[in-house]
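Q:
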Amino acid sequence: MSGSLDNSPSQIVANLLVDLDVGTDYSLSGSWPVYYSGEPDTPDNLIVVYDVPSIKSGRFQYNGEVQEHHGLLIKVRSTNHATGYAKARAIAIALDENVNLAGITINSNVYKVYAVSRTSDVISLGKDHNTNNLNLFTIDVVASIRQTT
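Just add 21 to wherever you are in the sequence shown, counting from 1, and you've got my numbering.
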């Protein structure tokens, strides 16, 4: 889907992950906080959603609207491999099975998330030696999102 989005796709999908109960709102100090567009030094166990290049699928002739699937990278950072992999896998399954016209509200903006489709399985990046040897995992996805108000 295309059209103008007042919030970034990474912010919208970060909110979606909280709604799917695979992470918590970073401002609430819960376990597995979900951030977007940037990664803080703490806590060790966290989820971050980044915007990456989108896939354009054509456009409508009658109005010129481009059909776009927003590219996203979901990163999981954890203190141990098994825990991080399990969290990344839980995210992948939640996106596969539980996104069907999900409604997301950010301030006064309302979005409809039609689908979040994985373009990769869980990818282990090994340990990040710059962050106390924390384990890193990623999932590549594309999302169909439209702003409704």
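From the three backbone atoms N, C-alpha and C, an ideal C-beta is built for every residue, glycine too.
Fair warning: this is a prediction, and the values are worked out from it, not measured in the lab.
When the Cα of residue 90 is compared with those of 101, 96 and 77, which residue comes out closest?
A: Taking the sequence shown and counting its residues from 1, one reaches residue 90 at position 69. With distances taken between Cα atoms, residue 90 lies closest to 77.
Q: Quick check: what's the CA-CA separation for residue 69 versus residue 79?
A: For the purposes of this step, residue 69 is taken as the residue at position 48 of the sequence shown. For the purposes of this step, residue 79 is taken as the residue at position 58 of the sequence shown. So the two alpha carbons sit approximately 29 Å from each other.
Q: When DSSP labels each residue in this structure, what does residue 60 get in the three-state scheme?
A: Translated into the one-based positions of the sequence shown, residue 60 becomes position 39. Three-state DSSP puts residue 60 in coil, outside helix and strand.
Q: Please list, in chain order, all residues of the same chain as residue 148 whose beta carbon is under 8 Å from its beta carbon, the five residues on each side excluded.
A: Stepping through the sequence shown from its first residue, residue 148 is reached at position 127. Correct list, in chain order: 154, 155, 156 and 157.
Q: Between 141, 98, 102 and 145, which lies nearest to residue 66 when the distance is taken from Cα to Cα?
A: Along the sequence shown, one-based indexing puts residue 66 at 45. Minimum Cα distance to residue 66 is reached at 98.
Q: So within the region 97–135, which uninterrupted beta strand (DSSP E) runs reach at least 3 residues, ignoring any that extend past its ends?
A: Runs found: 123–127.
Q: Provide the residue span of the beta strand (DSSP E) that contains residue 31, from first to last.
A: Locating residue 31 in the sequence shown gives position 10, counting from the first residue. Taken as a continuous stretch (DSSP letters only), residue 31 belongs to no beta strand (DSSP E), being part of the alpha helix (DSSP H) at 30–40.
Q: State the Cα-Cα distance for the pair residue 162 and residue 94, rounded to the nearest angstrom.
A: Taking the first residue of the sequence shown as 1, we reach residue 162 at position 141. Taking the first residue of the sequence shown as 1, we reach residue 94 at position 73. The alpha-carbon atoms of residue 162 and residue 94 are separated by roughly 6 Å.
Q: Once DSSP output is grouped into helix, strand and coil, what is the label at residue 22?
A: One-based indexing of the sequence shown puts residue 22 at position 1. With a pLDDT of 47 at residue 22, under the threshold of 50, the modelled position of that residue is not reliable, and the figure given next carries that caveat. Here residue 22 sits in coil by DSSP.
Q: Just to confirm my understanding: we take residue 43, look at its own chain, exclude 5 residues before and 5 after, and list those with CB closer than 6 Å. What are they?
A: As a working note, residue 43 is residue 22 in the sequence shown. Cβ neighbours of residue 43 beyond the five flanking positions: 111, 112 and 115.
Q: For residue 125 versus residue 37, is the C-beta spacing smaller than 8 Å?
A: Here the question's residue 125 lines up with position 104 in the sequence shown. Here the question's residue 37 lines up with position 16 in the sequence shown. Yes, they are a contact pair.
Q: Do residue 100 and residue 133 have their C-beta atoms within less than 8 Å of each other?
A: Position 79 of the sequence shown, counted from the start, is the residue given in the question as residue 100. Position 112 of the sequence shown, counted from the start, is the residue given in the question as residue 133. No, these two residues do not count as a Cβ contact at 8 Å.
Q: Provide the residue span of the beta strand (DSSP E) that contains residue 147, from first to last.
A: The sequence position of residue 147 within the sequence shown is 126, counting from 1. Note, residue 147: beta strand (DSSP E), 144–149.
Q: Leaving out five residues before and five after residue 96 in sequence, what residues of the same chain have Cβ atoms less than 6 Å from its Cβ?
A: Residue mapping note: residue 96 aligns to position 75 of the sequence shown, counting from 1. Once the five neighbours on either side are set aside, the close Cβ partners of residue 96 are 69 and 159.
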